[in-house]
Amino acid sequence: MKAISMFFAVAVLSIFYVTANADSEVEITVSAAISLKNALEKIGKLFEDNHKGVKVIYNFGASGSLARQIEGGAPVDVFAPADQKDMDDIDNKGLVVPGTRVDFVGNSVVLIVPASETAAIDSFDDLKLAKIKKVAIGNPKTVPAGRYAQDVLNFYKVLPTIGDKLILAENARQALDYVARGEVDAGVVYLTDAMLRSKEVKVVSTASMKSHRPIAYPIAVVRGTKNKRLSGDFIKAVKSETAQGIFRDYGFTTAK
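Letter 94 of the sequence shown, counting from 1, is numbered 95 in the working numbering, and no numbers are missing.
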């Protein structure tokens with residue numbers, strides 16, 4: 002009888018121990034532009050290693066769509082879009098914790114073609130050629146990369162000519178995928194994305210920094226977070242020299 006009682010006592014204590022440990026794990030949710038995925042996941046792992054019992058949950062996607070989710074009440078602790086507009090949208094609605102918003106990285110815009118492409122194309126002007134039938138960019142309505150691409154195409158005076166050639170992607174990575182799979186003839190994407198698929202796509206031209214609005218990724222704590230201090234610590238980690246080195250490895254530039 003004593004043995005049975007002891008068994009149940011141990012079982013109860015074991016359940017309590019597991020539950021207590023499960024409850025002790027703290028999660029923070031980071032909604033971020035899809036172009037940040039690889040670098041941010043690596044940085045998040047380092048953050049978890051340095052903050053025992055903390056789990057970083059990511060929600061990657063098109064910045065505009067992520068902003069709408071936050072406006073709709075999605076439980077997000079930290080927001081990191083790929084441009085100022087989407088951060089401004091939620092900031093102007095009072096959804097950003099004052100004093101937490103900072104810029105942390107920049108990027109470049111490039112023209113890419115499938116790696117197997119043999120047709121001669123080496124400039125944005127070449128997009129006007131008849132042999133170029135389809136050009137992928139992010140949808141400017143929701144994708145910052147698409148807005149930057151639109152800026153570039155306007156700067157090089159090719160947008161009016163190639164408007165009917167444009168294939169609008171749901172996010173920056175989808176535009177990259179279209180080119181990598183050879184479903185389009187060219188694409189205008191971030192340099193960081195092109196670097197990830199260097200065996201499948203090749204960069205044929207880099208857009209002048211004067212051709213588009215400054216690319217600066219902002220990050221901030223979202224109002225309503227239940228982990229304000231920890232969310233702030235995450236932003237500090239993203240701004241650290243270690244994290245900035247990781248971003249540089251993936252092709253990002255220092256925020257101006």
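All C-beta atoms, glycine included, are put in the ideal place defined by N, C-alpha and C.
Counted within 10 angstroms of its Cβ, other Cβ atoms place residue i as buried (16 or more) or exposed
i       : result
Ser-109 : buried
Arg-27  : Sequence inspection shows Val at residue 27; the Arg mentioned does not correspond to that position. Burial call: exposed.
Thr-226 : buried
Ser-199 : exposed
Ser-117 : exposed
Ser-124 : exposed
Arg-148 : buried
Pro-161 : exposed
Ile-58  : exposed
Met-210 : exposed
Asp-178 : buried
Residue closest to residue i, alpha-carbon to alpha-carbon, out of the options
i       : options                              : result
Lys-129 : Lys-211, Lys-158 and Gln-151         : Lys-158
Ile-29  : Arg-230, Phe-248 and Val-144         : Arg-230
Lys-43  : Val-111, Pro-82, Phe-248 and Thr-254 : Phe-248
Asn-39  : Pro-215, Asp-194 and Val-204         : Asp-194
Ala-146 : Val-190, Lys-135, Phe-48 and Phe-61  : Val-190
Ile-113 : Leu-160, Tyr-251, Glu-201 and Val-77 : Glu-201
Ser-212 : Val-153, Val-205 and Lys-166         : Val-153
Ala-33  : Met-88, Ala-131 and Phe-156          : Met-88
Beta-carbon proximity of residue i to residue j, cut-off 8 Å
i       : j       : result
Ala-256 : Val-106 : yes
Ala-187 : Ile-236 : no
Ile-71  : Ile-91  : yes
Val-222 : Val-79  : yes
Arg-224 : Leu-67  : no
Residue i Cβ short of 7 Å to the ligand ADP heavy atom set
i       : result
Gly-183 : Inclusion of the ligand ADP in the displayed structure is not the case, the ligand content being empty and no account of it being possible.
Checklist entry - What runs of the beta strand (DSSP E), each 3 residues or longer, lie entirely inside the stretch 102 to 129? => result Listed in chain order, the complete beta strand (DSSP E) runs (minimum 3 residues) inside the stretch 102 to 129 are 103 to 107 and 110 to 115.
Quick test of the definition: if touching needs 3 or more C-beta pairs under 8 Å, does the stretch 126 to 141 touch the stretch 94 to 111? Taking one beta carbon from each stretch, the stretch 126 to 141 and the stretch 94 to 111 have fewer than 3 pairs nearer than 8 Å; the two do not touch.
Does the stretch 206 to 218 come into contact with the stretch 67 to 86, if we say contact requires no fewer than three beta-carbon pairs (one atom in each stretch) closer than 8 Å?
Contact between the stretch 206 to 218 and the stretch 67 to 86 is present, because at least three Cβ pairs lie under 8 Å.
> At what residue ranges does the stretch 43 to 73 contain a whole run of the alpha helix (DSSP H), taking only runs of 4 or more?
Replying inline: Listed in chain order, they are 64 to 72.
* Within the chosen definition, does the stretch 182 to 200 reach the stretch 164 to 174 through at least 3 CB pairs nearer than 8 Å? -> Touching, yes, given that three or more Cβ pairs across the two stretches are closer than 8 Å.
**Study point:** Complete runs of the alpha helix (DSSP H) confined to the stretch 187 to 239 [at least 4 residues]
**Key:** Counting only runs that start and end inside the stretch 187 to 239, the alpha helix (DSSP H) elements of at least 4 residues fall at 192 to 197.
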